[in-house]
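**Q**
Protein chains: 4
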Amino acid sequence: MCRWMAWLGQSILIEELLFKTQHGIVDQSLHARMGAEPTNGDGFGLGWYGTGEGPGLYHSVSPAWSDTNLREIAGHVESPLFIAHMRAAIGSPVQNTNCHPFRRGKWLFVHSGYLGGMREVRRDLMLAVDPSLFPDIHGSTDTEVVFHLALTYALRYGLEDDPITALEHTVGLIEATAAQHGIPDAVQGTFGITDGTHLWAVRYATQGPPRSLFASADVDAIHRLYPENERTGRLTSDDRVIVSEPVADLPGIWQEIPPGTAVSVRHGGVLEERPFRPKSPVSVTAFQGVPADA
Amino acid sequence: MCRWMAWLGQSILIEELLFKTQHGIVDQSLHARMGAEPTNGDGFGLGWYGTGEGPGLYHSVSPAWSDTNLREIAGHVESPLFIAHMRAAIGSPVQNTNCHPFRRGKWLFVHSGYLGGMREVRRDLMLAVDPSLFPDIHGSTDTEVVFHLALTYALRYGLEDDPITALEHTVGLIEATAAQHGIPDAVQGTFGITDGTHLWAVRYATQGPPRSLFASADVDAIHRLYPENERTGRLTSDDRVIVSEPVADLPGIWQEIPPGTAVSVRHGGVLEERPFRPKSPVSVTAFQGVPADA
Amino acid sequence: MCRWMAWLGQSILIEELLFKTQHGIVDQSLHARMGAEPTNGDGFGLGWYGTGEGPGLYHSVSPAWSDTNLREIAGHVESPLFIAHMRAAIGSPVQNTNCHPFRRGKWLFVHSGYLGGMREVRRDLMLAVDPSLFPDIHGSTDTEVVFHLALTYALRYGLEDDPITALEHTVGLIEATAAQHGIPDAVQGTFGITDGTHLWAVRYATQGPPRSLFASADVDAIHRLYPENERTGRLTSDDRVIVSEPVADLPGIWQEIPPGTAVSVRHGGVLEERPFRPKSPVSVTAFQGVPADA
Amino acid sequence: MCRWMAWLGQSILIEELLFKTQHGIVDQSLHARMGAEPTNGDGFGLGWYGTGEGPGLYHSVSPAWSDTNLREIAGHVESPLFIAHMRAAIGSPVQNTNCHPFRRGKWLFVHSGYLGGMREVRRDLMLAVDPSLFPDIHGSTDTEVVFHLALTYALRYGLEDDPITALEHTVGLIEATAAQHGIPDAVQGTFGITDGTHLWAVRYATQGPPRSLFASADVDAIHRLYPENERTGRLTSDDRVIVSEPVADLPGIWQEIPPGTAVSVRHGGVLEERPFRPKSPVSVTAFQGVPADA
Numbered sequence: 353m354c355r356w357m358a359w360l361g362q363s364i365l366i367e368e369l370l371f372k373t374q375h376g377i378v379d380q381s382l383h384a385r386m387g388a389e390p391t392n393g394d395g396f397g398l399g400w401y402g403t404g405e406g407p408g409l410y411h412s413v414s415p416a417w418s419d420t421n422l423r424e425i426a427g428h429v430e431s432p433l434f435i436a437h438m439r440a441a442i443g444s445p446v447q448n449t450n451c452h453p454f455r456r457g458k459w460l461f462v463h464s465g466y467l468g469g470m471r472e473v474r475r476d477l478m479l480a481v482d483p484s485l486f487p488d489i490h491g492s493t494d495t496e497v498v499f500h501l502a503l504t505y506a507l508r509y510g511l512e513d514d515p516i517t518a519l520e521h522t523v524g525l526i527e528a529t530a531a532q533h534g535i536p537d538a539v540q541g542t543f544g545i546t547d548g549t550h551l552w553a554v555r556y557a558t559q560g561p562p563r564s565l566f567a568s569a570d571v572d573a574i575h576r577l578y579p580e581n582e583r584t585g586r587l588t589s590d591d592r593v594i595v596s597e598p599v600a601d602l603p604g605i606w607q608e609i610p611p612g613t614a615v616s617v618r619h620g621g622v623l624e625e626r627p628f629r630p631k632s633p634v635s636v637t638a639f640q641g642v643p644a645d646a
Numbered sequence: 353m354c355r356w357m358a359w360l361g362q363s364i365l366i367e368e369l370l371f372k373t374q375h376g377i378v379d380q381s382l383h384a385r386m387g388a389e390p391t392n393g394d395g396f397g398l399g400w401y402g403t404g405e406g407p408g409l410y411h412s413v414s415p416a417w418s419d420t421n422l423r424e425i426a427g428h429v430e431s432p433l434f435i436a437h438m439r440a441a442i443g444s445p446v447q448n449t450n451c452h453p454f455r456r457g458k459w460l461f462v463h464s465g466y467l468g469g470m471r472e473v474r475r476d477l478m479l480a481v482d483p484s485l486f487p488d489i490h491g492s493t494d495t496e497v498v499f500h501l502a503l504t505y506a507l508r509y510g511l512e513d514d515p516i517t518a519l520e521h522t523v524g525l526i527e528a529t530a531a532q533h534g535i536p537d538a539v540q541g542t543f544g545i546t547d548g549t550h551l552w553a554v555r556y557a558t559q560g561p562p563r564s565l566f567a568s569a570d571v572d573a574i575h576r577l578y579p580e581n582e583r584t585g586r587l588t589s590d591d592r593v594i595v596s597e598p599v600a601d602l603p604g605i606w607q608e609i610p611p612g613t614a615v616s617v618r619h620g621g622v623l624e625e626r627p628f629r630p631k632s633p634v635s636v637t638a639f640q641g642v643p644a645d646a
Numbered sequence: 353m354c355r356w357m358a359w360l361g362q363s364i365l366i367e368e369l370l371f372k373t374q375h376g377i378v379d380q381s382l383h384a385r386m387g388a389e390p391t392n393g394d395g396f397g398l399g400w401y402g403t404g405e406g407p408g409l410y411h412s413v414s415p416a417w418s419d420t421n422l423r424e425i426a427g428h429v430e431s432p433l434f435i436a437h438m439r440a441a442i443g444s445p446v447q448n449t450n451c452h453p454f455r456r457g458k459w460l461f462v463h464s465g466y467l468g469g470m471r472e473v474r475r476d477l478m479l480a481v482d483p484s485l486f487p488d489i490h491g492s493t494d495t496e497v498v499f500h501l502a503l504t505y506a507l508r509y510g511l512e513d514d515p516i517t518a519l520e521h522t523v524g525l526i527e528a529t530a531a532q533h534g535i536p537d538a539v540q541g542t543f544g545i546t547d548g549t550h551l552w553a554v555r556y557a558t559q560g561p562p563r564s565l566f567a568s569a570d571v572d573a574i575h576r577l578y579p580e581n582e583r584t585g586r587l588t589s590d591d592r593v594i595v596s597e598p599v600a601d602l603p604g605i606w607q608e609i610p611p612g613t614a615v616s617v618r619h620g621g622v623l624e625e626r627p628f629r630p631k632s633p634v635s636v637t638a639f640q641g642v643p644a645d646a
Numbered sequence: 353m354c355r356w357m358a359w360l361g362q363s364i365l366i367e368e369l370l371f372k373t374q375h376g377i378v379d380q381s382l383h384a385r386m387g388a389e390p391t392n393g394d395g396f397g398l399g400w401y402g403t404g405e406g407p408g409l410y411h412s413v414s415p416a417w418s419d420t421n422l423r424e425i426a427g428h429v430e431s432p433l434f435i436a437h438m439r440a441a442i443g444s445p446v447q448n449t450n451c452h453p454f455r456r457g458k459w460l461f462v463h464s465g466y467l468g469g470m471r472e473v474r475r476d477l478m479l480a481v482d483p484s485l486f487p488d489i490h491g492s493t494d495t496e497v498v499f500h501l502a503l504t505y506a507l508r509y510g511l512e513d514d515p516i517t518a519l520e521h522t523v524g525l526i527e528a529t530a531a532q533h534g535i536p537d538a539v540q541g542t543f544g545i546t547d548g549t550h551l552w553a554v555r556y557a558t559q560g561p562p563r564s565l566f567a568s569a570d571v572d573a574i575h576r577l578y579p580e581n582e583r584t585g586r587l588t589s590d591d592r593v594i595v596s597e598p599v600a601d602l603p604g605i606w607q608e609i610p611p612g613t614a615v616s617v618r619h620g621g622v623l624e625e626r627p628f629r630p631k632s633p634v635s636v637t638a639f640q641g642v643p644a645d646a
């Protein structure tokens, strides 16, 4: 199972969250080594905003716990908005182009979970990707296809500022396609999306309970709960963290995001929830079937 | 420009050809370091037949000259039939899944050259790949698409024993597709194909002279030319080598394969030539356009 | 904790032991991913005898479970004698030159365990390595130093055919050196050594119980225990396996090697035990102190 | 031949120098691919000061031209002081721990060149490294030994603020040691050293002409020479660049540093030259011979 975490708030050294937080995303893999829980050693990715144009990306197929370059970057780059992802591969090769976050322009995209029956639906979904975006799919994960489908809807329906609606269309298309193939568990997981200003997260499964997803509580509440804690004491009202699994043993600081829900976070610590409702496509072949150059 | 070489003949240690031959494929990259010629440092691949089921594969994105694992395998594996390929990437990522040879079942496939306007034609060509083969495309090279198109024709037209005809259909389809996009240089290069018994090689370009391709001469002729040479002296009448560029400074041992030509080599040192003539598709969209599940 | 396994017997495809055996060394790491036990993802090594001169080596810092090259080699190379090792690093970098087996000429050497206080004793032990061997230490593990000390004793005391005695001298020197630094747990672990004909294994700890070590039982006994088992049925009287941890859930097929014991295995399935007793050096500085060029 | 370049001046995106400068260090390797000059594809390193504690390091054994992570870091990290190094290995393995810059605390160290007869002198030189520093040598290059010798002299003679004198002692010791072994070309090359505030560079060879080394000219002079050049127009009087080979085709902007010379650069664009004169050791065995714990 993949894991991811995202930070939006004051500019911090990335290592504060990745390495110095108890049960942080790398710590989770370290603890996995101690026998406590499964390993996520099939590729790591970090995307951050700050200096330079658009988000920076670091992708690696070395296990995060022994990746000295990751440790260096995390210790020497500050960012007000970043996403880290640790991959547990399900079939597709362990290679940099399969590491999250995926990027296009200012956008970053991560996923924990899977598409059901990917071998069966992959071709149909690839066909539905806009021909202008098609040649930029460099890897072989389901997530990269989902991302390019969302970009396709954003492009065609003018949803550049509304990635959640684009993703609702995407999930609707995937579910309709899967249904045609008799696949019940079309979509499973959590998604993280950002444009460098906002951060969106979705928790959803076609069938059964989705993968876990949590947001950090309001900072005032955290300070009341842990008035003496040095690390949480440094959090300001601007800071929010989204995690696929709780980090740090501090009851009360994580609020579970309900199944079928999307949240958006923006600077000022503002977190808003809305239902996530996949939109059925007019026709499954609406985006397919017609050759690009017909 | 990629380079490749193939051996069919007596069983030899792979290093005999890869490392111990003057101007061999790795030596070429070593000499490149000395300033003599361009570098091919974007991935290496070796496919061999012998022990175990089907061909073995070794893929690496380390430069071949410093790849200790490659040297170990070459020094400790004997094979009567193997292909080595050194990649010079043109745009697509340097990753193992983009390294040649590509494999399916008993088949291996290598390419030196490119498809013109790959960004424009990629989607149409991917669409033409048989849906049952589509999910097995793991990388992002043009070559892997060519290979899966040839497999598609082999599957649909019953050409499992006639890969050259399957490739003639494939090249015909690529040229027709490219023409639709106004791309003149549809296909450039040389191809190597083997099923573990036969070895086929093709030299072809839609436009202009194709990449170079050579076959070793008849062994009797080589022995007459170099009666004292210890290494060529060990060649038997069963041995043939196909190379994208001549190796070893021995005039007369390499015969150029003409443009627009396919050769087939089989045990016994038999080498046969035939013209390579792309076959126009009945319709460019014959393999496309219709959704897989329509 | 590192793990290793060695095969001496009939020539088999390496994958038979590495991948197809229940709870085999790679399977162990796969199961680790399921949460069952610790991960060994800090480098893998395989050394084998067969075709070519001396042992072949494959070293990789990719986790073994996702290493496609390892799988290919294991599936296409047969060997009557090989050792595989999976590393769990304790401090030293994850790099190929720190992967076991270590090799010199015909010799291979693996270790599971550690030297106590390596930072303190490293320099003294390096100093004791014969100057002619010193420049061939390319990595930074304790194991590589142990190996070169054993080679030093073999060289100086004429122990080329008696690696266990050479290792007894080595461990004695390490213990004396550690004692000078006030380090109680000088040596911990199991060692595997082979020259391509014999296989030796040692289980020893200066203090407390050593790491586990097992040898496969006599084949007749195994056949009596599991007359119906297809895999054990293929074992012949020539076959022996040494493992750091039992593989396969078959009670009775593994016999524990007692602490402080060395075993030697040779073709014919012959396994002999003897005590392993470190030999105190005449003087700790016997091999040190005198500059090489004095 | 290794290459390196260092920047001290206004804070800039690292890519400005590494990727956007004509004939920059990565461009040099790219052009090498075009046949113009030798390849440097045996490991890349970047050390930079800025955010976080001490210098950050990025080491990679992928060829720099295809290393996407390097491109990302260079495009998203700003620094007023950084050194990049591209390695052409001479014998020692291609691994991250052999990549320059080497680091200890605030210090970074790079080298282009070699020590003569390294196999012969390695042990003696390692012995001369202070025992407290010895265990931190993780790789197998000659450069890392030189660095730890310089650190040894800095430690023992109180030269923490005078790395050039520490390096003069180091080179003197190496030359005396080499002389004992009958090796004439003890030291060859250029060195770059920085503590995050100053930048030092040395050009020296025991025998024959040393590797090339250049400093950028006074910025006023550059502006007078190229009043219209947009890129040099952005240089301020604070900026200095040190390079092993000239970058950019702009005659007059590079001043050669003479053989046997050390330069120091500090903020304000100040560049000072002094002779570099190796200091003979009182005794070659002054730092050797006596066991650490005697």
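The listed protein sequences derive, respectively, from chains A, B, C and D. Heads up, the first sequence is in our numbering, so the first residue is 353 and it goes up one at a time. Heads up, the second sequence is in our numbering, so the first residue is 353 and it goes up one at a time. Heads up, the third sequence is in our numbering, so the first residue is 353 and it goes up one at a time. Heads up, the fourth sequence is in our numbering, so the first residue is 353 and it goes up one at a time. Cβ coordinates follow ideal geometry from the N, Cα and C atoms, glycine included. The structure displayed is predicted, hence computed values, not measured ones.
The region 394 to 406 of chain D: which residues have C-beta closer than 8 angstroms to a C-beta of chain A, in chain order?
**A** Residues W400, G402, T403, G404, E405.
**Q** From the DSSP secondary-structure annotation, give me the bridge partner or partners of V622/B.
**A** DSSP lists R618/B as partners of V622/B.
**Q** State the Cα-Cα distance for the pair Q607/D and P611/B, rounded to the nearest angstrom.
**A** The straight-line gap from Cα to Cα measures roughly 52 angstroms.
**Q** In this structure, what does DSSP give as the bridge partners for F543/B?
**A** F543/B is bridged to H463/B, V554/B.
**Q** With 8 angstroms set as the bound, which would you pick, yes or no: does the beta-carbon of V378/A sit closer than that to a beta-carbon of chain C?
**A** By this cut-off, V378/A is not an interface position.
**Q** Is L370/D helix, strand or coil by DSSP?
**A** Correct three-state label for L370/D: helix.
**Q** Write down every uninterrupted run of the alpha helix (DSSP H) in the region 559 to 611 of chain D whose length is 4 residues or greater and which is fully enclosed by it, in chain order.
**A** As far as the region 559 to 611 of chain D is concerned, its whole alpha helix (DSSP H) runs of at least 4 residues are 571 to 577, 582 to 585.
**Q** Determine whether the beta carbon atoms of N448/B and T493/B lie at a separation below 8 angstroms.
**A** No, the Cβ-Cβ distance between N448/B and T493/B is not below 8 angstroms.
**Q** Do you know offhand how far G541/C's Cα is from Y466/C's?
**A** Those two C-alpha atoms are separated by around 7 angstroms.
**Q** If we call anything under 8 angstroms between Cβ atoms a contact, is F434/A one with I526/A?
**A** Contact flag unset, no.
**Q** Among the candidates Y556/A, P603/A, D590/A, whose CA atom is the shortest distance from the CA of Y578/A?
**A** Of Y556/A, P603/A, D590/A, the residue nearest in Cα terms is P603/A.
**Q** How should S431/C be labelled, buried or exposed, when 16 other C-beta atoms within 10 angstroms of its C-beta is the threshold for buried?
**A** Burial call: buried.
**Q** Should R385/C go down as buried or exposed, given a rule of 16 or more other Cβ atoms within 10 Å for buried?
**A** Any reading at R385/C must be qualified, since the residue scores a pLDDT of 40, below 50, and its modelled position is unreliable; no value is offered.
**Q** Starting from the Cα of P630/C, find the closest Cα among E580/C, S564/C, S568/C, Q559/C and give me that residue.
**A** Ranking the options by Cα distance to P630/C, first place goes to Q559/C.
**Q** Check whether the Cβ of R508/A lies closer than 7 angstroms to any heavy atom of the ligand ATP, and answer yes or no.
**A** Although the ligand ATP was asked about, the structure shown includes no ligands whatsoever.
**Q** Please identify the residue among S632/C, V481/C, I442/C, L409/C whose C-alpha is closest to the C-alpha of G427/B.
**A** The candidate whose alpha carbon is nearest that of G427/B is L409/C.
**Q** For the region 495 to 513 of chain A against the region 560 to 579 of chain A, do three or more pairs of beta-carbon atoms, one drawn from each stretch, fall closer than 8 angstroms, so that the two count as touching?
**A** The region 495 to 513 of chain A is not in contact with the region 560 to 579 of chain A.
**Q** List the whole-angstrom C-beta distance separating V413/A from S414/C, where the pair is believed to meet the contact cut-off of C-beta under 8 angstroms.
**A** V413/A to S414/C, Cβ: 7 angstroms. Contact.
**Q** Using a C-beta cutoff of 8 angstroms, does G548/D count as contacting chain A?
**A** So no, G548/D is outside the interface.
**Q** Using a beta-carbon distance below 8 angstroms, is F486/B in contact with chain A?
**A** Yes, F486/B lies at the interface with chain A (some Cβ there is under 8 angstroms from its Cβ).
**Q** Could you say which of V446/B, L623/B, T420/B, I535/B lies nearest to G443/D if we only look at CA atoms?
**A** Taking only the C-alpha atoms, the option nearest G443/D is T420/B.
**Q** Short check: CB of S632/C to CB of S596/C, under 8 angstroms?
**A** Their beta carbons are not under 8 angstroms apart, which means S632/C does not touch S596/C by this criterion.
**Q** Take the Cβ of L358/B as the centre, count every other Cβ of all protein chains shown within 10 Å, and call the residue buried at 16 or more, exposed below.
**A** Here the sequence assigns Ala to residue 358/B, which means Leu is not the residue at that position. Label assigned to A358/B: buried.
**Q** So, with DSSP's three-state summary, where would you put R475/C?
**A** Reduced to three states, the DSSP call for R475/C is helix.
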